[in-house]
Amino acid sequence: MILLDKVTKTYIMGEIELTVLKGISIDVREGDFFSIIGPSGSGKSTLMNILGCLDVPTSGEYYLDGQEISTYSENDLAKIRNEKIGFIFQKFNLLPKLDAFENVELPLIYRGIKSKRRKEETEIALDSVGLYDRMHHKPNELSGGQQQRVAIARALVGNPSVLLADEPTGNLDTKSGNEVLDILESLNRKGRTIIVITHDFEVADRSKTEITLRDGIIVNRKVK
Amino acid sequence: MNMSLKNTLKMAIKSILSNKMRTFLTMLGIIIGVFSVIVMVSMGQGATASVTQSIEGMGSNLLNITLTDRTIRFSNDNLSELSMLEGVHMLSPNINWVAPVKYGLNNEAGTSVVGVNENYMVINGYTMMTGRLINPLDIENRNKVVLLGSEVSESLFGQFNPIGESISLSGIKYTVVGVLEENENTLFGDNNNMVLVPYTTGMRQFRTNSIASITIQGTDAASIDKTQSKIETYLMTLYGTDTYRIFNQEQLLSTLNEITGVLTLLLGGIAGISLLVGGIGIMNIMLVTVSERTREIGVRKAIGARRSNILFQFLIESSVISGIGGIIGIMLGILVNRIISTAFEIPISASMQVILIAFLFSLFIGVFFGMYPANKASKLKPVDALRYE
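Quick note, the sequences are listed as chains F and S, same order. Okay, so the first sequence: first residue is 14 according to our numbering, each after it adds one. Okay, so the second sequence: first residue is 7 according to our numbering, each after it adds one.
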């Protein structure tokens, strides 16, 4: 479902060319729980941005659901992000002025879905992360773990092909971190494809496929 | 996949309300701008209206014909032919002399003496205070009768009734048969400091052998231009071009309206500058907002907002600020107009047109000055925006 073929990413900063990804090839199957680990500076954030269609590769090919998208326009990429990818960020990235319901609803608004169906689907998504009764709380009225669960609901609500989680437990205490991981695991068990980027081996241990990135190349692949 | 205007609007209003003080201060620039445009333009239009009113008071269906070529003069035949033309309701000769007027020891030197016929009073809308009008018999018999303007009557007779008294015009005795009601002065001079005599009598006394000027009343104001061209054709075939001048109230009105219109535009323009300054205020605050919300823009883009979604979100925010500011400014303007009109008893009020233009202009300001910040926001790369702290 996700196939990267010899993807490179080079940043040009003034005179200096910095190659962050040096030919990455990965294959994420449907229903996989795929983790990418590596120390900071290994290029895993860049890889995450490319997988999430927030950025495009310098060279190489990226197939998502069979479509080669590295040449897509900005609007096409926005559509892909909206429909095929659900993001979960380390810092939650909820909009502080919107309550939980409105945050989760947002992807559906951008998709142009009618308000009645939006309401139903938003409530289902919030219910699935156990926050149905907190839907009218603002992010600052929720704990870190709850905020991340709202973010998961937001990622899920559009029924994307893949959930992309970037250090989802990085800003959480162990207990809420585990709760979040439990949710991700159970989602995966129900067939959702998940890609997690982390430097935490405990997180990676829960995944089915694991790759290790160092200095822009894959140094280890492990299928459990 | 595109979000509805309703949702964009809701989003914009929510974010505007989340920073009330800032929004209000930004709006204030627009409020003051729109307010001053409304009040300034209304005052200009009020002035225009009162000028128009005073001219229309003189009758906008009047034409004044003066022969400029001294070798030709109207004959009585000309007069009757002119009065038969289509669109001409009635006419009167209008011959002006200046003469000393005396009654006993009271003396008014340099009084304007106008030779007229029986129609003159009606044409000019003059009414009698007391006595009778000049009648066709007076014209035919060259009767030495005179109508006094209110001021002349006042200075010669004071409180006494002048009817039946004799006054002298340049030494010739005339009988006073009537006194005119006081008239408002028009642009053409003092209508109260004059006396009216039958034109035939006047022509004999002042040795004027022909009529050079007549006043014509058209049947209605709407067809006055048509009537004028009929008269022109008549005069042209008779005397050729450049021998006469036709003075049309309507033309005077349009000239004056042009002048007051320019004045209004000027006032509105000056007020418009303050609206422009308000617009710059919007741009300034929108730029701040965009940089404050860089991360939000990143998140929105990550979950599928297109460039156009972000662009519209910010554009709508700035136009909602300017639009609401515009509405408040309009309401304030209308209020102050009311206060001014009651306090100074000048009828000023903002026309629907001005209100609409002021509102649309304030919206335009919002869009125009919001464009740059909104465009800047929409062009942010999601990766960079998300990384922004």
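We put the beta carbon where it would ideally sit given N, CA and C, even for glycine. None of the values given here were measured: they were computed from a predicted structure.
### Query
Beta-carbon separation of S/Asn314 and S/Gly372 under 9 Å?
The sequence given here places Ser at residue 314 of chain S; Asn does not occur at that position. In this structure, S/Gly372 does not lie closer than 9 Å to S/Ser314 by Cβ.
### Task
Can you give me, in chain order, the residues of the stretch 303–314 of chain S that have a beta carbon less than 9 Å from any beta carbon in chain F?
Gly304, Val305, Arg306, Lys307, Ala308, Ile309, Gly310, Ala311, Arg312, Arg313 and Ser314
### According to DSSP, residues forming a beta bridge with F/Met26
F/Ile29
### C-alpha distance - S/Tyr240 paired with S/Asn70, whole-angstrom precision
Rounded to the nearest angstrom, the two C-alpha atoms are 15 Å apart.
#### Entry: Contacts that S/Lys20 makes with chain F (C-beta to C-beta distance below 8 Å)
Near S/Lys20 (Cβ distances below 8 Å), the residues of chain F are Lys110 and Leu111.
### Message
Cutting at 6 Å between CB atoms, please list the residues of its own chain near S/Met7, excluding the five before and the five after it.
### Response
With a pLDDT of only 42 at S/Met7, under 50, the local geometry of the prediction cannot be trusted, and no value is derived from it.
### Task
Classify F/Tyr24 as buried or exposed, calling it buried when 16 or more other Cβ atoms lie within 10 Å of its own Cβ.
exposed
### Query
In terms of DSSP beta bridges, what is F/Phe100 paired with?
DSSP output for F/Phe100 lists F/Leu177 as bridge partner(s).
### Message
Quick check on DSSP: helix, strand or coil for S/Arg251?
### Response
strand
### Task
Compare the beta carbon distance of S/Leu31 and S/Ile322 with 9 Å and say whether it is the shorter of the two.
Contact: no.
### Message
I'd like the span of the alpha helix (DSSP H) that includes F/Ala12, first residue to last.
### Response
Summary: the structure shown does not reach residue 12 of chain F, with chain F confined to residues 14 through 237, and so no result is reported for it.
### Task
At 4 residues or longer, and completely inside the stretch 256–324 of chain S: list those alpha helix (DSSP H) runs for me, N to C.
300–308
### Task
Within 10 angstroms of the Cβ of S/Thr3, are there 16 or more other Cβ atoms? Answer buried if so, exposed if not.
For chain S, the structure presents residues 7 to 395; residue 3 of chain S sits outside this window and is missing.
### Query
Is there a Cβ from chain F that is less than 9 Å from the Cβ of S/Arg344?
no
### Message
Counting only C-beta atoms, is F/Leu107 closer than 9 Å to chain S at any point?
### Response
True, the Cβ-Cβ gap to chain S drops below 9 Å.
### Secondary structure of S/Met7, DSSP reduced to three states
Residue confidence is low: S/Met7 scores 42 on pLDDT, short of 50, so the model does not pin down where it sits. No coordinate-derived value is stated.
### Task
Starting from the C-beta of S/Ala277, find all residues in its chain whose C-beta is less than 6 Å away, skip the five residues before and the five after it, and write them out in chain order.
Excluding its 5 nearest sequence neighbours in each direction, S/Ala277 has C-beta neighbours in its own chain below 6 Å: Ser42, Val43 and Met46, listed in chain order.
### Message
Considering just the uninterrupted stretch of the beta strand (DSSP E) at S/Asn147, what are its terminal residues?
### Response
Segment Pro142 to Asn147 is the alpha helix (DSSP H) holding S/Asn147; no beta strand (DSSP E) there.
### Collapsed DSSP secondary structure at S/Tyr132 in the structure displayed
coil
### Residue(s) in a DSSP beta bridge with S/Phe80
S/Ile217
### Query
Which ranges does the alpha helix (DSSP H) cover as unbroken runs of at least 4 residues, wholly within the stretch 70–147 of chain F, from first to last along the chain?
87–97, 113–124 and 128–141
#### Entry: C-beta neighbour in chain S for F/Asp68, strict 9 Å
Under the 9 Å criterion on CB atoms, F/Asp68 is classed as interfacial with respect to chain S.
### Task
Measure the beta-carbon distance from S/Met209 to S/Ile101 and round it to whole angstroms, keeping in mind my assumption that it falls under 8 Å.
7 Å
### Query
Can you tell me where the beta strand (DSSP E) with S/Ile169 in it begins and where it stops?
For S/Ile169, no beta strand (DSSP E) segment is defined, and its DSSP state is neither H nor E.
### Task
Verify the CB distance criterion: does S/Asn263 have a CB-CB separation below 9 Å to chain F?
no
### Query
Along chain F, which residues have their Cβ under 7 Å away from the Cβ of S/Val389?
Ordered by position in chain F, the residues that pass the 7 Å Cβ test against S/Val389 are Asn62, Leu67 and Asp68.
### Task
Closer than 7 Å by beta-carbon distance: list the chain S residues that pair up with F/Arg205, in chain order.
Under the 7 Å cutoff, chain S gives no residues; its nearest Cβ is about 17 Å from F/Arg205.
### Query
Is the shortest distance between the beta-carbon of S/Leu15 and the beta-carbons of chain F less than 9 Å?
Chain F contact via Cβ: absent.
### Query
Going by C-alpha distance, which of S/Ile288, S/Leu282, S/Arg393 and S/Asn82 is nearest S/Ala380?
S/Ile288
#### Entry: Same chain only: Cβ atoms within 6 Å of S/Ile145, ignoring 5 sequence neighbours per side
Asn123, Pro204 and Thr206
#### Entry: Residues of its chain near S/Leu386, where Cβ-Cβ distance is below 6 Å and the 5 sequence neighbours each way are ignored
Ile303
### Those residues which DSSP pairs with F/Leu226 across a bridge
Paired residue(s): F/Ile231.
### Message
Below 8 Å on C-beta distance, what does F/Phe100 contact in chain S?
### Response
Ala308 and Ile309
### Query
From F/Lys92 to F/Leu119, what distance separates their C-alpha atoms?
14 Å
### Query
Between S/Gly329 and the rest of its own chain, which residues show a CB-CB distance below 7 Å, the 5 nearest in sequence each way excluded?
The beta carbon of S/Gly329 sits closer than 7 Å to those of Ser368, Leu369 and Gly372, all from its chain and outside the five residues before and after it, given in chain order.
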